[in-house]
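All remarks here apply to the structure that follows.
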Amino acid sequence: MDFLPLYFDLKDKPCLVIGGGEVACRKASLLLKAGAHILIVAQEVGAGVRALAEDSRVEIVQGSYAPEQLEGKVLVIAATNNYRVNSAVSEQAKSNNIPVNVVDNPSLCSFILPAIIDRSPIVVAVSSGGKSPVLARLLRSRLESTIPAAYGRLAELVGGFRDAVKARFSSINQRRGFWESVLQGDVAELVFSGKEAEAGERLAQLIEARSSDELPVGEVYLVGGGPGDPDLLTFRALRLMQQADVVLYDRLVSEAVLDMTRRDAERINVGKARSRHTLPQEEINDLLVRLAREGHRVLRLKGGDPFVFGRGGEEIDKLAENGIPFQVVPGITAATGCSCYAGIPLTHRDYAQSVRFITGHLKDGTCKLPWDELVHKGQTVVFYMGLIGLPTICRKLIEHGRGPDTPIALIQQGTTRNQRVFTGTLATIADIIARQEVKAPTLIIVGEVVSLREKLGWQGDA
Ligand code: SAH
Numbered sequence: 041m042d043f044l045p046l047y048f049d050l051k052d053k054p055c056l057v058i059g060g061g062e063v064a065c066r067k068a069s070l071l072l073k074a075g076a077h078i079l080i081v082a083q084e085v086g087a088g089v090r091a092l093a094e095d096s097r098v099e100i101v102q103g104s105y106a107p108e109q110l111e112g113k114v115l116v117i118a119a120t121n122n123y124r125v126n127s128a129v130s131e132q133a134k135s136n137n138i139p140v141n142v143v144d145n146p147s148l149c150s151f152i153l154p155a156i157i158d159r160s161p162i163v164v165a166v167s168s169g170g171k172s173p174v175l176a177r178l179l180r181s182r183l184e185s186t187i188p189a190a191y192g193r194l195a196e197l198v199g200g201f202r203d204a205v206k207a208r209f210s211s212i213n214q215r216r217g218f219w220e221s222v223l224q225g226d227v228a229e230l231v232f233s234g235k236e237a238e239a240g241e242r243l244a245q246l247i248e249a250r251s252s253d254e255l256p257v258g259e260v261y262l263v264g265g266g267p268g269d270p271d272l273l274t275f276r277a278l279r280l281m282q283q284a285d286v287v288l289y290d291r292l293v294s295e296a297v298l299d300m301t302r303r304d305a306e307r308i309n310v311g312k313a314r315s316r317h318t319l320p321q322e323e324i325n326d327l328l329v330r331l332a333r334e335g336h337r338v339l340r341l342k343g344g345d346p347f348v349f350g351r352g353g354e355e356i357d358k359l360a361e362n363g364i365p366f367q368v369v370p371g372i373t374a375a376t377g378c379s380c381y382a383g384i385p386l387t388h389r390d391y392a393q394s395v396r397f398i399t400g401h402l403k404d405g406t407c408k409l410p411w412d413e414l415v416h417k418g419q420t421v422v423f424y425m426g427l428i429g430l431p432t433i434c435r436k437l438i439e440h441g442r443g444p445d446t447p448i449a450l451i452q453q454g455t456t457r458n459q460r461v462f463t464g465t466l467a468t469i470a471d472i473i474a475r476q477e478v479k480a481p482t483l484i485i486v487g488e489v490v491s492l493r494e495k496l497g498w499q500g501d502a
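Residue numbering for the sequence shown follows our numbering, starting at 41 and increasing by one per position.
This is the structure in structure tokens:
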């Protein structure tokens with residue numbers, strides 16, 4: 041290890057920054073974030089640095105660097121583009137034992153600045169020891185996506201209970217075990233879902249609890265897994281997917297998305313083929329309740345968004361009735377995922393002022409849909425579950441007054457590598473499809489916006 045990472049308390053401490061350009065401005069801003077007072081010395085003062093002067097902790101001296109300016113400083117950063125000045129600052133700071141950083145010149149530095157992920161009070165620093173700052177920044181962005189913004193709030197909350205926990209548990213091992221269960225359990229989840237007050241109450245309760253069997257029971261995460269491409273998952277979905285120890289998923293969840301769940305989690309396929317329900321909805325609801333009661337963290341993973349034709353509402357209804365804690369994570373629904381990947385802006389203002397999501401699952405072949413409302417001009421209509429009913433849908437729309445030449449698209453397995461898009465008009469699409477092997481799931485988009493795809497389509501397909 042070439043450099044030892046340390047966290048420096050700079051609150052109200054005098055620091056010196058030499059240079060007036062953008063880099064100097066960035067470094068000075070960082071020092072300000074940590075609470076420092078700064079003297080900035082620069083021949084030319086750029087707009088960024090000048091703006092910093094509004095902060096009463098910043099003093100700017102326009103002119104050249106002089107060694108006396110080092111006096112009393114606890115830290116120095118040289119950010120000029122003049123090597124002679126930079127090396128003089130470095131040498132003089134070092135001989136006075138003042139930590140010094142010279143931007144982009146590790147050999148002149150006694151400390152280097154890492155790439156930082158700031159979830160204060162949690163702060164993560166990544167450094168390549170000056171070898172490749174870009175690599176350090178790339179690593180930082182990977183970490184950014186795995187450390188939820190709420191970790192800072194969690195650290196803040198538990199910080200206030202440290203003494204109470206110390207008083208309650210005498211051994212270090214007990215305390216460690218306690219904190220591990222708290223930080224991975226429902227207290228953490230309450231904070232992540234914005235319920236800090238409840239989290240605090242729950243934590244206080246846990247500290248009071250006499251034995252470990254009073255510790256938290258399970259929870260259900262109802263998570264939208266999106267239309268198929270795992271890159272479309274939310275950060276929260278991913279975090280919960282990697283936390284749950286049992287996963288209930290259905291047919292719509294793509295293999296690639298399922299692969300993002302924890303390796304050692306138990307996976308239960310409750311898949312629902314259109315007319316062949318692997319597990320009836322009632323039984324899924326009961327299973328969720330039972331697993332949570334057994335203390336599991338249960339992931340109920342749904343295709344798309346759980347509240348858009350997903351029956352997510354019914355499942356959490358049952359959980360709420362039974363007093364099981366749960367949270368719901370939205371997913372990209374098929375309509376938005378497929379339309380984006382097919383280059384069809386659902387409400388392009390030249391063509392559509394509204395969009396309607398509708399189920400095309402025509403029960404027993406009967407069509408109880410409000411057809412009169414679906415034929416309005418300036419409206420895009422998206423049918424979920426409409427493949428089988430496609431000929432009926434087209435016929436009914438024409439019968440109720442939508443032009444036979446209205447463009448229509450059928451998107452198969454949208455956002456996945458197998459995405460295919462078929463386009464035609466209300467009059468022609470049924471024949472076009474009849475000659476193809478179309479695989480579920482498919483989404484139907486009806487409206488003038490479909491014609492934009494010719495210009496805006498950006499994904500390869502049939
Ligand atoms: N909750 C889901 C919808 C469930 S209903 C969501 O928000 O997307 C199931 C229907 O969704 C399918 O019949 C199909 O019409 C549509 N669908 C879901 N994923 C799809 C995909 N990747 N490509 C095309 N259609 C999809």
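Using N, Cα and C, we set each Cβ at its ideal position, and we do this for glycine too.
What did DSSP end up calling D158 once you bin it into helix, strand or coil? In the sequence shown, the residue the question calls residue 158 occupies position 118. D158 falls in the strand class under three-state DSSP.
Buried or exposed: N126, going by 16 or more other Cβ atoms within 10 Å of its Cβ? Counting from 1 along the sequence shown, the entry for residue 126 is found at position 86. It is buried - the Cβ of N126 has at least 16 other Cβ atoms within 10 Å.
Continuous beta strand (DSSP E) stretch holding V57: start and end: Numbered from 1 along the sequence shown, position 17 holds the residue referred to as residue 57. Segment P54 to I58, the beta strand (DSSP E) holding V57.
Extent of the continuous alpha helix (DSSP H) to which L70 belongs: In the sequence shown, residue 70 corresponds to position 30, counting from 1. Element bounds for L70: E62 to K73.
Considering only C-alpha positions, which residue in the set P154, I472, G266 and E108 is nearest to Q453? The sequence position of residue 453 within the sequence shown is 413, counting from 1. The candidate whose alpha carbon is nearest that of Q453 is G266.
Hey, would you say P154 sits closer than 8 Å to A176, going by beta carbons? Locating residue 154 in the sequence shown gives position 114, where the first residue counts as 1. Locating residue 176 in the sequence shown gives position 136, where the first residue counts as 1. Cβ distance < 8 Å, so P154 and A176 count as in contact.
Taking the straight line between their C-alpha atoms, what separation do you get for L178 and E322? On the sequence shown, position 138 is the one that residue 178 refers to. On the sequence shown, position 282 is the one that residue 322 refers to. Roughly 46 Å between the two C-alpha positions.
By the DSSP assignment, the beta strand (DSSP E) with Q367 in it spans what residues? Taking the first residue of the sequence shown as position 1, residue 367 is located at position 327. F366 to V369 is the span of the beta strand (DSSP E), which, as asked, contains Q367.
Proximal residues to E254 (C-beta, below 7 Å), its chain only, five neighbours per side dropped: Counting from one through the sequence shown, the residue named residue 254 turns up at place 214. Residue placement at E254 is poorly supported in this model, since its pLDDT is 47, which falls under 50; the coordinates still yield a value, given next. Excluding residues within five positions, none has a Cβ falling inside 7 Å.
Ends of the beta strand (DSSP E) at R460? In the sequence shown, counting from the first residue as 1, residue 460 sits at position 420. That run of the beta strand (DSSP E) goes R460 to T465.
Exposed or buried, what is N203 when buried is set at 16 or more other beta-carbons lying within 10 Å of its beta-carbon? By 1-based counting over the sequence shown, the position of residue 203 is 163. Note that residue 203 is Asp in the sequence shown, not Asn. By the 10 Å Cβ count, D203 comes out exposed.
Just to check my reading of the structure: Q109 and A82 have Cβ atoms closer than 8 Å, yes? What is that Cβ distance to the nearest angstrom? Here residue 109 corresponds to residue number 69 of the sequence shown, with the count starting at 1. Here residue 82 corresponds to residue number 42 of the sequence shown, with the count starting at 1. Actually they are not in contact, since the Cβ atoms of Q109 and A82 sit about 12 Å apart, beyond 8 Å.
Can we count F349 as close to the ligand SAH, meaning its CB is less than 7 Å from some heavy atom? Position 309 of the sequence shown holds residue 349. F349: yes, Cβ under 7 Å from the ligand SAH.
One question on the structure: do F366 and V260 come within less than 8 Å of each other, judged by their Cβ atoms? Here the question's residue 366 lines up with position 326 in the sequence shown. Here the question's residue 260 lines up with position 220 in the sequence shown. It is a contact, given that the beta carbons lie within the stated cut-off.
S394, enclosing beta strand (DSSP E) - first and last residue: One-based indexing of the sequence shown puts residue 394 at position 354. Where S394 is concerned, the enclosing beta strand (DSSP E) stretches over S394 to T399.
Apply the 10 Å Cβ neighbour rule to S135 and answer buried if 16 or more other Cβ atoms are within range, or exposed otherwise. Reading the sequence shown from its first residue, position 95 is the one you call residue 135. The residue is exposed, with fewer than 16 neighbouring Cβ atoms inside 10 Å.
Is the beta carbon of D269 less than 8 Å from the beta carbon of G343? For the purposes of this step, residue 269 is taken as the residue at position 229 of the sequence shown. For the purposes of this step, residue 343 is taken as the residue at position 303 of the sequence shown. No, they are not a contact pair.
Quick check: is any heavy atom of the ligand SAH less than 7 Å from the C-beta of T120? Within the sequence shown, the letter at position 80 stands for residue 120. No; taking the cut-off as 7 Å, the Cβ of T120 has no heavy atom of the ligand SAH nearer than that.
Between K53, L92 and V63, which lies nearest to I138 when the distance is taken from Cα to Cα? Against the sequence shown, residue 138 aligns to sequence position 98. Checked all of K53, L92 and V63; the closest Cα to I138 is K53.
Can you name, in chain order, every residue of its own chain whose Cβ lies under 7 Å from the Cβ of Q132, other than the five neighbours on each side? Counting from 1 along the sequence shown, the entry for residue 132 is found at position 92. These residues qualify, in order along the chain: P107 and L110.
Cα-Cα separation between F349 and L341, rounded to whole angstroms: Indexing the sequence shown from 1 puts residue 349 at position 309. Indexing the sequence shown from 1 puts residue 341 at position 301. Roughly 14 Å separates the two Cα atoms.
E99 (DSSP reduced to helix, strand or coil): Your numbering for residue 99 matches position 59 in the sequence shown. It is a strand residue.
Skipping 5 residues on each side, what residues in its chain have a beta carbon closer than 6 Å to that of A375? One-based indexing of the sequence shown puts residue 375 at position 335. Correct list, in chain order: F397 and V422.
Based on Cα-Cα distance, which residue from L115, I364 and E241 lies nearest to S150? The residue given as residue 150 occupies position 110 in the sequence shown. S150 has its Cα closest to that of L115, out of L115, I364 and E241.
Pairwise C-alpha distance: A277 and P383: To locate residue 383, count along the sequence shown from 1; it is residue 343. To locate residue 277, count along the sequence shown from 1; it is residue 237. A quick correction: the sequence has Gly, not Pro, at residue 383. If I take the Cα positions, the gap works out to 26 Å.
Examine the Cβ distances between the region 289 to 305 and the region 217 to 227 and report whether three or more of them are shorter than 8 Å. no
How would you label P431, buried or exposed, when you count the other beta carbons within 10 angstroms and need 16 or more for buried? Residue 431 sits at position 391 when you count from the first residue of the sequence shown. P431 should be labelled exposed.
Per DSSP, what are the beta-bridge partners of L262 in this structure? The residue labelled residue 262 in the question sits at position 222 within the sequence shown. In DSSP, L262 forms a bridge with R340 and V368.
Nearest CA to the CA of N121: which residue from Y391, V163, S394 and E84? Here residue 121 refers to the residue found at position 81 when the sequence shown is read from its first residue. Ranking the options by Cα distance to N121, first place goes to E84.
Counting only runs that start and end within the region 422 to 497, where is the alpha helix (DSSP H) found for 4 or more residues in a row? 430 to 439, 469 to 474 and 493 to 496
Contacts around S315, its chain only, beta-carbon distance under 6 Å, and the 5 residues preceding and following it disregarded: Indexing the sequence shown from 1 puts residue 315 at position 275. Bear in mind that a pLDDT of 48 at S315, under 50, signals an unreliable position, so the number given afterwards is only what the model happens to contain. Taken in chain order, the list of residues that qualify is empty.
For the putative contact between V329 and E306, defined by C-beta atoms under 8 Å, what is the C-beta separation to the nearest angstrom? As a working mapping, residue 329 is identified with position 289 in the sequence shown. As a working mapping, residue 306 is identified with position 266 in the sequence shown. Contact flag wrong, Cβ pair sits at about 17 Å.
Does any heavy atom of the ligand SAH sit closer than 7 Å to the C-beta of Q453? Counting from one through the sequence shown, the residue named residue 453 turns up at place 413. For the ligand SAH, at least one heavy atom lies less than 7 Å from the Cβ of Q453.
Assigned secondary structure, L44 (DSSP; H/G/I helix, E/B strand, else coil): Stepping through the sequence shown from its first residue, residue 44 is reached at position 4. Correct three-state label for L44: coil.
Is there at least one non-hydrogen atom of the ligand SAH closer than 7 Å to the beta-carbon of A277? On the sequence shown, position 237 is the one that residue 277 refers to. It does not: the Cβ of A277 is nowhere closer than 7 Å to a heavy atom of the ligand SAH.
Would you say K51 and G75 are within 8 Å of each other, going by their C-beta atoms? Position 11 of the sequence shown holds residue 51. Position 35 of the sequence shown holds residue 75. Going by C-beta atoms, K51 is nearer than 8 Å to G75.
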